[in-house]
Amino acid sequence: MRGAPDSIYFLQPSSLEKALQAYGENPDSLVLAGGTDLMVAWNAGLLNNKKVLDISLIREIRGVRALKKGVLIGALTAHADIQRNAAVRRHFPLIQTACSVVGGLQIQNKGTLGGNIANASPAGDTFPVLAVYEAIVRLISRQGRRALAFMDFFEGVKKTRLLPAELIESVEIPYSRKGARRLFRKVGTRAAQAISKTVAAGLLWVGQDGTVEELRFALGSMASTVRRLVKAEKFIKGKKLHRDAVEEACRLLKDDVDPIDDVRSTREYRLQISQNILRSFLSEANYYENP
Amino acid sequence: MRIKLTINKKKRVYEGAPFKRLIDVLRENYELTGTKEGCGEGECGACTVLVDGDPVNSCLIPVAQMNGRRIETVESLGTPKSLHRLQESFLREGGAQCGICTPGMLMSAWAWISRGGSARPSEIRRALAGNLCRCTGYQHIVNSVIKIIKERKRESRTK
Ligand SMILES: Cc1cc2nc3c(=O)[nH]c(=O)nc-3n(C[C@H](O)[C@H](O)[C@H](O)COP(=O)(O)OP(=O)(O)OC[C@H]3O[C@@H](n4cnc5c(N)ncnc54)[C@H](O)[C@@H]3O)c2cc1C
Ligand code: FES
Ligand code: FES
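Residue numbers (this note's numbering), protein chains in the order written: chain A, 1 to 291; chain B, 292 to 450.
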């Protein structure tokens with residue numbers, strides 16, 4: 001079945017205040033931002049007779065703003081606009097890279113960061129990066145504002161901790177220490193427009209003497225939600241990146257993820273490729289200049 | 292709902308359901324049937340049109356989001372009698388076979404070319420990554436685009 005346009009009750013507030021009001025009065029409505037997730041369901045005829053709250057006209061939550069301690073990306077900022085932003089490119093290059101692999105240009109021009117996060121797909125490509133940058137999700141409703149650590153935002157597949165009639169307002173990315181070696185890697189069936197089999201992001205700080213000061217490593221598509229490799233990160237801290245230590249970190253990777261077999265890949269392949277990515281990231285760290 | 296939009300340089304006022312998809316409005320209300328629907332899921336790019344110059348999938352846009360926007364479809368390029376040079380290039384280079392992907396491919400390519408995109412095959416392929424083609428194997432399409440970019444460069448040098 002197709003979407004039947006006449007069956008939709010459509011709300012299109014022009015400001016954040018009006019949107020919160022409308023959402024408060026209609027908590028059963030579906031929020032529409034760029035529509036690149038929602039409209040797929042609509043086209044399949046799954047959303048007939050629903051209320052839709054189109055937030056795409058709200059100016060206040062679109063665009064990137066520089067803060068003292070980082071940048072603030074409005075929920076409605078499209079992936080294409082994030083990539084073009086000078087502050088993002090300079091301070092958070094992994095975000096730029098992640099946004100550049102979300103679908104093709106058509107999807108990047110329309111799809112928003114807020115929509116990507118709220119959709120809570122296990123394969124959201126921006127998630128590992130936001131996890132290692134330790135982003136903060138800012139939420140807003142008629143009742144007021146609150147903030148959640150990025151890792152605390154997700155509850156499960158397609159499930160978030162958003163309360164009824166609450167919107168994502170923005171995502172705050174705090175500056176991290178300079179001199180990190182960094183990694184973003186998406187593994188899909190084609191170079192573009194493919195849902196990830198695994199998607200990885202890493203930041204690594206190594207001291208003058210070669211010991212690891214800090215590792216942050218996150219994986220998507222490897223569990224119901226994005227995962228930080230808590231065990232491996234803890235293990236490698238303070239160690240030199242010798243072969244045995246790297247191998248042990250790769251072995252520990254398994255403890256923090258739980259990938260599945262599905263149409264895109266198998267559990268085994270996902271584990272193997274993720275370990276390979278972690279291994280090469282840690283091994284090469286000795287030889288590469290830190291940017 | 293009343294929505295004012297510009298389609299291929301013509302000002303239009305749409306009156307009707309806000310949740311009608313842009314592709315259906317183009318094809319049904321304005322008889323611009325050049326824009327094709329392939330998948331209806333955002334995957335294939337056959338429905339690509341330009342909104343304020345940016346390529347987007349018209350199958351994923353409710354017309355209510357298009358108030359005040361400038362839309363360009365494949366009909367804005369050329370007509371059968373007088374083809375656009377990009378369309379001629381597709382013909383010459385074999386960039387079109389069955390043709391279902393072609394309107395969307397042309398629009399993505401035109402967005403790239405008209406903004407001064409480079410002739411590097413890897414970058415062209417990235418610009419066209421949201422457009423699937425089951426016939427040509429892409430190489431002929433990329434060649435069609437490279438030809439035009441190089442021609443335009445030559446012209447601007449001699450000007
Ligand atoms: C062909 C195709 C390819 C894709 N490829 C990728 C990919 O490679 N990687 C990837 O990660 N994703 C991909 N996606 C998914 C999608 O494009 C992204 O998740 C995009 O960022 C969604 O943003 P949107 O604004 O379009 O969301 P919408 O469709 O507007 O909304 C998505 C969901 O989020 C909710 N929502 C949106 N904004 C807010 C807000 N501010 N507050 C609260 N709730 C909100 C909506 O209610 C809805 O449930 C793809 C989609 C398609 C169709
Ligand atoms: S028909 Fe719109 S992307 Fe395939
Ligand atoms: S020419 Fe047939 S799909 Fe591209």
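Every residue gets a Cβ at the ideal spot worked out from N, C-alpha and C, and that includes glycine. From a predicted model like this one, the values you see are computed outputs, not experimental measurements.
Counting along the chain, R267/A sits inside the alpha helix (DSSP H) bounded by residues R267 to E284.
By the Cβ rule, the stretch 353 to 371 of chain B counts as touching the stretch 321 to 340 of chain B, because three or more pairs are nearer than 8 Å. Just measuring C-alpha positions, the residue of K159/A, L130/A, V257/A and R161/A sitting nearest V171/A is L130/A. The criterion of a C-beta distance shorter than 9 Å is not satisfied by T198/A and G103/A. Against chain B, the beta carbon of L16/A has no neighbour under 9 Å; the closest one sits roughly 17 Å away. Not flagged as an interface residue toward chain B: D28/A, since no C-beta distance is shorter than 9 Å. Interface criterion met: the Cβ of F10/A is under 9 Å from a Cβ in chain B.
Along the stretch 343 to 360 of chain B, going in chain order, the ones with a CB nearer than 8 Å to a CB of chain A are D345, P346, V347, N348, C350, L351, I352, P353, A355 and Q356.
Not a single CB atom of chain A sits nearer than 9 Å to the CB of P412/B.
Per the coordinates, the alpha-carbon of S280/A lies some 21 Å from the alpha-carbon of F127/A. As DSSP reads the structure, N348/B sits in a beta bridge with T339/B. Remark: the shortest separation between the CB of T427/B and any heavy atom of ligand 3 falls under 8 Å. With the rule of 3 Cβ pairs closer than 8 Å, the stretch 6 to 14 of chain A counts as touching the stretch 48 to 57 of chain A. I95/A: member of the alpha helix (DSSP H) spanning P93 to C99, first to last residue. For H431/B and Q356/B, the gap between their C-alpha atoms comes out near 35 Å. Within 8 Å of the C-beta of L397/B there is not a single heavy atom belonging to ligand 3.
For T393/B, the uninterrupted alpha helix (DSSP H) run begins and ends at T393 to S405, by DSSP.
E334/B carries a coil assignment under DSSP once its states are collapsed to helix, strand and coil. Just so you know, the alpha carbons of G395/B and I298/B end up roughly 16 Å apart. Using a CB distance cut-off of 9 Å, S56/A counts as an interface residue toward chain B. Contacts between E334/B and chain A, judged by CB atoms closer than 8 Å, involve Q193 in chain order. Distances between the C-beta of G35/A and the heavy atoms of ligand 2 are all 8 Å or more.
In this structure L351/B is buried. Its beta-carbon is surrounded by 16 or more other beta-carbon atoms within 10 angstroms. The Cβ atoms of E169/A and G24/A lie no closer than 9 Å to each other. For the stretch 97 to 114 of chain A, residues whose beta-carbon sits nearer than 7 Å to a beta-carbon of chain B comprise G103, G104, L105, Q106, I107, N109 and K110. With a beta-carbon spacing of about 5 Å, N109/A and V347/B fall inside the 8 Å limit used to define contacts.
By the rule that beta-carbons nearer than 9 Å mark a contact, L419/B touches chain A.
Inside the stretch 116 to 161 of chain A, DSSP marks whole alpha helix (DSSP H) runs of 4 or more residues at positions 127 to 132, from first to last along the chain. Secondary structure note for G74/A: its beta strand (DSSP E) is the uninterrupted segment G70 to G74.
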